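Below: the structure, in structure tokens.
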Amino acid sequence: MADIFDYLAWRGDLPICEAAPLNELDFAVLARFSNLPFYDVYHTGEETMGSFCRVMESFPREPFQIDGDVPFVKLIAASRRFAPLRVTDYVKDNRPELEMQFAAVTIHLPGDVLFLSYCGTDSSLLGWKENLNMSFQDDIPAQCAALSYAAKALKTYPETKALYLGGHSKGGNLAAYASVCLPEKYRPMVLGAYSFDGPGFSQKFIAEHAFEEMADRMYTFLPEGSVVGRVLEHAEDFEVVKSNVSNLLQHDLYTWMVEPLRLVRAEKSSDGSEIFYNSVRHLLEETTPKQRELVLAGVYSIVTANASKPKDIQDDFSVLIQPLYREVRTMSREDWQVVTQVFRAFLDAYVLAVRDVGMSKYYAEINELRTADNFQEAVYTLMNRAMSAWRGRNS
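Our numbering numbers the first residue of the sequence shown as 72 and each following residue consecutively.
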């Protein structure tokens, strides 16, 4: 089945015009563009999508977030459809003291129309921590930065007739956030806010903002096995799309299947995606924001003391498990009570979700842990199993 690369090769020779207007695949391309390593390119102030990508064509694999970005820049550089589009106002603002990871770029479309492309989570631990902060905090710093970026763009380019916003992963959430938080006088200018597997929002945030007003201009696409996009709630309808890979790998936009001018729709989300969504929903109902914040802050401090980026953990899971094991062993009674409450709530949520959707191969093991008389010892046992499994895979 065809993918975004096939679309770029097929449609890339047709400029954006009345005979070949923008479609959802174009918006996917524009949304992903902000995730490229602009900080490694000298900016002259007269850049286009093509000029950026022609420089990036010579880059090694390392600066790119994912493998698909490498052929992506080559196809953009050769595309009459995208290469001529002017690119301005690149911003990258990572501030550990605020737990903020933010980047965005403005793409100028024909007819004085702007597309604000928001970068998703980068390859830093900081970016992943900010994602987790959404579980206990509305208006995270990157979301506030996204709104400020949109407001500044409209003031910088007063001739702007219309506005699109979009992003992949967290970038999709930032686009949605900015669209519903823009001042009322600007919201009619928004023709579309495009989120590609981006997280949602808390029910409280949805109730307090202009989701109802913007609903018919919010376009959310989630792969069948979505995890990132099933975090929190989507007030808008979302489309489920097919991917040519399974499970977590479906978060990669380049694996999504395409028809000539649209993403291929799936009938429904996978059971695994539904289990994850319902687990998170039940967990949020059974724990307080303060409890979640304490647990996540503790885990993050351990992770950052033992790893510099998520790949370190993927390559060697022991860098996380061993320090967590030591921390659990020495934790104060008060902190342990909070941890116990949060993790028991998560296990309860998982079991309820499995019952809602169907059985899982992990049901028995999770239920054993959930019903253990000595929960602390059960956690030690689970962590030891995880270490043994990791060693077995890597021996």
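We put the beta carbon where it would ideally sit given N, CA and C, even for glycine.
On a predicted model such as this, the values are computed, not experimentally measured, just so you know.
Its chain contains Val-311 as the residues whose beta carbon lies nearer than 7 Å to that of Lys-339, once the 5 sequence neighbours on both sides are disregarded; these appear in chain order.
Judged by their CB atoms, Gly-271 and His-305 are nearer to each other than the 7 Å cut-off. Distance between Ile-277 and Ala-73, taken at the CA atoms: about 36 Å. Cys-190 is positioned such that its CB atom lies no closer than 7 Å to that of Leu-218. For the pair Tyr-220 and Leu-262, the CB atoms are not nearer than the 7 Å cut-off. At the C-beta level, Ala-246 and Ser-273 stay beyond 7 Å of one another. Exposed is the label assigned to Gly-182, since fewer than 16 other Cβ atoms lie within 10 Å of its Cβ. For Val-184, the uninterrupted beta strand (DSSP E) run begins and ends at 184-189, by DSSP. If you draw a straight line from the Cα of Gly-296 to the Cα of Glu-283, it is about 27 Å long.
If you draw a straight line from the Cα of Ser-314 to the Cα of Pro-212, it comes to about 32 Å. Per the DSSP secondary-structure output, Met-171 pairs in a beta bridge with Arg-166. Three or more pairs of CB atoms, one per stretch, sit closer than 8 Å, so the stretch 97-111 contacts the stretch 131-146. Of all C-beta pairs linking the stretch 409-416 to the stretch 356-365, three or more are shorter than 8 Å, placing the two stretches in contact. Between Ile-147 and Gln-408, the alpha-carbon positions lie close to 53 Å from each other. Per DSSP, Ser-266 is one residue of the beta strand (DSSP E) stretching across 261-267. If only complete runs of 3 or more residues are kept, the stretch 315-351 shows no beta strand (DSSP E) anywhere. Sequence-distant partners of Val-299 (beyond 5 residues in either direction) whose C-beta falls short of 7 Å from its own C-beta, in its chain, are Ser-240, Asp-268, Pro-270, His-322. For Thr-227, the enclosing alpha helix (DSSP H) covers residues 212-227. DSSP places Thr-231 outside both helix and strand once states are collapsed to three, so it counts as coil.
Three or more Cβ pairs closer than 8 Å define a contact, and the stretch 74-88 meets that threshold against the stretch 144-159.
Excluding five sequence positions before and after Phe-207, the CB atoms of its chain that fall closer than 6 Å to its own CB belong to Pro-360, Arg-363, Glu-364, given in chain order. When DSSP states are grouped into helix, strand and coil, Phe-207 belongs to the coil group.
Rounded to the nearest whole angstrom, the CA to CA distance from Ile-346 to Arg-301 is 10 Å. Short of 8 Å from the beta carbon of Gln-412, and not among the five residues preceding or following it, lie these beta carbons of its own chain, in chain order: Thr-358, Gln-362. In this structure, DSSP gives Gly-139 a state outside helix and strand, which the three-state scheme calls coil. The three-state secondary structure of Pro-108, taken from DSSP, is coil. Partner residues in a beta bridge of His-114, as assigned by DSSP, do not exist. Leu-354 carries a helical assignment under DSSP once its states are collapsed to helix, strand and coil.
Here Phe-173 has Asp-164, Ala-213, Ala-216 as same chain residues with Cβ atoms under 6 Å from its own Cβ, once five neighbours each way along the sequence are excluded. At the C-beta level, Glu-307 and Ala-286 come within 7 Å of one another.
With a threshold of 16 other beta carbon atoms within 10 Å, Ala-264 meets it and is buried. In this structure Pro-259 is exposed. Its beta-carbon is surrounded by fewer than 16 other beta-carbon atoms within 10 angstroms.
Nearest to Val-112 by alpha-carbon distance, out of Ala-102, Thr-119, Phe-123, is Phe-123. Distance from the CA of His-114 to the CA of Glu-405, rounded to the nearest whole angstrom, comes to 52 Å. Comparing C-alpha distances from Pro-92 to each of Met-171, Leu-332, Glu-133 shows the shortest one belongs to Leu-332.
When only Cα atoms are considered, Leu-203 and Gln-136 end up about 19 Å apart.
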